[in-house]
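Enquirer: Pasting a structure below so you can have a look.
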Amino acid sequence: MPEHYACWREVAGKSLDELTAQMKRKEGEKEEKEKRKEREKDQRRKEGRKGKMRKKKEGKGKKEGREREERKEGRGK
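Per full-length UniProt numbering, residue 1 is the first one in the sequence shown, and the count goes up by one each step.
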């Protein structure tokens, strides 16, 4: 066994059961990390939608307010 390779040093002296358990743990951590990323991405998407809706509503309110002011000015003349 060439021990100058890092992977060989990691494996040396361990049983097959230990190695398989270690691999499964690493795979589980990877999957959990991916799931967490997906959840965060979905959360950001949802927050973005809410922000857009607020902006749209605010914009409409401002336009309606301007139109009302213009109408009021027109009546007074």
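By construction, the Cβ of each residue, glycine as well, lies at the ideal position given by its N, Cα and C atoms.
#1: Kindly list the residues whose CB is nearer than 7 Å to the CB of Gln43, restricted to its own chain and excluding five residues on each side of it in sequence; keep chain order.
#2: Which same chain residues end up closer than 7 Å to Val11 when comparing Cβ atoms and leaving out the 5 residues on each side of it in sequence?
#3: How far does the alpha helix (DSSP H) with Ala6 in it reach, from first residue to last?
Expert: Reading it off the structure:
#1: none
#2: Short of 7 Å from the beta carbon of Val11, and not among the five residues preceding or following it, lie these beta carbons of its own chain, in chain order: Leu19.
#3: 6-11
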